[in-house]
Amino acid sequence: MQRHTRSLIASACAALSLLAAATPARAWDAKGHRLITMLALDHLKEGLPSFVREESFRATVGENAVEPDRWRAVRMGQIMNLNNPDHYLDIEDLEPHGLSLDTLPPLRYEYAAAIAIAREKAGENFKGRPINPSRDFAKTDRWPGFAPYSIAENYGKLVASFKTWRMLEKLNDPRRAHQVDACKASISVIMGVLSHYVGDVAQPLHTTMHHHGWLGENPENYTTDYGIHAYIDGKILDVHKLTYASLKDSAMPARDLDANDPWKAIIEHLKRSHEQVEPIYKMKKSGDLERDAGKALISDRLVDGGAMLAALYNAAWDASEPSEKDLENFVKYDGFEGE
573 MQRHTRSLIA
583 SACAALSLLA
593 AATPARAWDA
603 KGHRLITMLA
613 LDHLKEGLPS
623 FVREESFRAT
633 VGENAVEPDR
643 WRAVRMGQIM
653 NLNNPDHYLD
663 IEDLEPHGLS
673 LDTLPPLRYE
683 YAAAIAIARE
693 KAGENFKGRP
703 INPSRDFAKT
713 DRWPGFAPYS
723 IAENYGKLVA
733 SFKTWRMLEK
743 LNDPRRAHQV
753 DACKASISVI
763 MGVLSHYVGD
773 VAQPLHTTMH
783 HHGWLGENPE
793 NYTTDYGIHA
803 YIDGKILDVH
813 KLTYASLKDS
823 AMPARDLDAN
833 DPWKAIIEHL
843 KRSHEQVEPI
853 YKMKKSGDLE
863 RDAGKALISD
873 RLVDGGAMLA
883 ALYNAAWDAS
893 EPSEKDLENF
903 VKYDGFEGE
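Quick note: the sequence shown, position 99, residue 671 per this note's numbering, numbers continuous.
Listed below in C-alpha cells is the structure:
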C-alpha cells in the first residue's frame, strides 16, 4: 500500500512537471503589453491619421496586443508550432548553430535553413541543448526562436495597411466606406500584434536560454526557480506599482531606424534587452529586484519597449506613402464595383 501511494505521488509530480513545461511562457502579463502599447501610442508623430489617437482605437490596439498570448493557450500542434517560437529568441542557442545576433539572416526561412543545416552537419556532435521529445509536443524545441522575424514581418504588414489607408483617402469615394472601416480594423490588429512581439523582446527573459531559471553552469548560484519568468512578467510590476499612469511621463529614448529596412534596429532592441538578463538574476539573488534598482530596471524595459514600438509605428507610416503606380494598381486589381 505504501509503495502504491509513493507511486501515485511520483506519477502526479511527473504530470505536474510536464504540465508546467507545456504552459506557455508569456512576456509581461496582459496589463504589461497594454502598458507598452499606450506608451508607444502617446509618441506618434504628426501626420498619422487622426483615428489612431482616438481613445476607442487606442483601447482596441491595446487589447489586440494581448491576442498572441491567447493563441498560445490553444493546445493544437499546428498553431503552437507556428506561433510559440515567435515570442522569443534564446540568444545563447545561436552559437552552436554557427550564428550570432549580428550574423542572423534577415529572412525567416533562410534562418530556418541555417539552423537545420547546422544540425544536420553536426549530427551526433551537435553541441546545442538536447531535445526531450516527450515534452516537445509542437516540435518547436529545435528552434532558438523567431522573435526578430515576427517583429519585422508584422512591421511590413503595417506598412501595407497604412498604404491601403492612404490610397483609400486619395480615392475619397463614399462608396468605399466599408473598405475604410475594414482597413482601420486591420491597422488596429497589426499594430496590436506588432506591439506584442516588441514587448516580448523588451522582457529580458525572452532573449535567453535562462528563461525559466538559470540553466547549466551556475557559479553565481542564481535561482533555478521556474517561476521567475512569471514573476517578471507580472508580479514585479505589482510590487513596484508600475502602471501606464506611473510611466506615461517618462522620457522616451529616441530610436532611429531605417523605415525601409528596420532589421538592424530590431537586433539592437534584442541586444539592449539581453544585456539585462544577468542583472535580473543578480538582483533576484540580492533582493534588489524588489528595491529601487529593480524598479528602475523593469521601468526601463517597459519604456524601452514603448520607445521601440513608437519608432516602428512612425517608420511604418513614413514607408507607406503610395506612388501613383501603387494607386493605379490598387484600383486596377481591387475589382471594386460600387453602387
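The beta carbon of each residue, even a glycine, is placed where N, CA and C say it ideally should be.
Please report the straight-line C-alpha distance between residue i and residue j, rounded to a whole angstrom.
i	j	result
residue 665	residue 691	12 Å
residue 784	residue 897	50 Å
residue 594	residue 703	Bear in mind that the predicted position of residue 594 carries a pLDDT of just 44, short of 50, making it unreliable; the figure below should be weighed with that in mind. The alpha-carbon atoms of residue 594 and residue 703 are separated by roughly 14 Å.
residue 844	residue 877	10 Å
residue 735	residue 696	49 Å
residue 888	residue 791	45 Å
residue 860	residue 872	15 Å
residue 617	residue 886	6 Å
residue 793	residue 808	21 Å
residue 813	residue 732	38 Å
residue 826	residue 879	7 Å
residue 908	residue 687	44 Å
residue 605	residue 862	21 Å
residue 629	residue 662	34 Å
residue 828	residue 837	7 Å
residue 857	residue 645	31 Å
How about residue i: is its C-beta nearer than 7 Å to some C-beta of chain B?
i	result
residue 793	Going by chain labels, chain B is absent from the structure shown, which holds only one protein chain.
Ordered along the chain, which non-local residues of its own chain (more than five positions away) have a Cβ less than 6 Å from that of residue i?
i	result
residue 609	633, 634, 637, 767
residue 752	740
residue 882	612, 615
residue 721	680
Among residues of its own chain, excluding the 5 on either side of residue i, which ones have a beta-carbon nearer than 7 Å to its beta-carbon?
i	result
residue 903	none
residue 787	781
residue 653	710, 711, 712
Using only alpha-carbon positions, find the residue among the options that is nearest to residue i.
i	options	result
residue 796	642, 670, 854, 679	854
residue 781	906, 601, 668, 835	668
residue 565	835, 748, 740	The structure shown does not extend to residue 565, since the chain is modelled only from 573 to 911, so the question has no answer here.
residue 615	732, 892, 866, 821	821
residue 818	867, 648, 706	867
residue 737	619, 870, 603	619
residue 893	607, 599, 621	621
residue 648	762, 708, 850	708
residue 600	771, 763, 848	771
residue 763	755, 730, 743, 684	730
residue 676	905, 842, 891, 870	842
Could you pull out every residue in the same chain whose Cβ sits closer than 8 Å to the Cβ of residue i, ignoring the five residues on either side in sequence?
i	result
residue 725	680
residue 910	745, 747, 748
residue 674	839
residue 602	638, 641
residue 760	629, 632, 633, 636
Let me check one thing: in DSSP terms, what residues is residue i bridge-paired to?
i	result
residue 785	783
- How do the region 647 to 660 and the region 701 to 719 stand: do at least 3 beta-carbon pairs fall below 8 Å, yes or no? Counting Cβ pairs under 8 Å, three or more are found: they touch.
- Message: Quick check: the region 773 to 782 against the region 793 to 810, are at least 3 beta-carbon pairs closer than 8 Å?
- Response: The region 773 to 782 and the region 793 to 810 touch, with three or more beta-carbon pairs separated by less than 8 Å.
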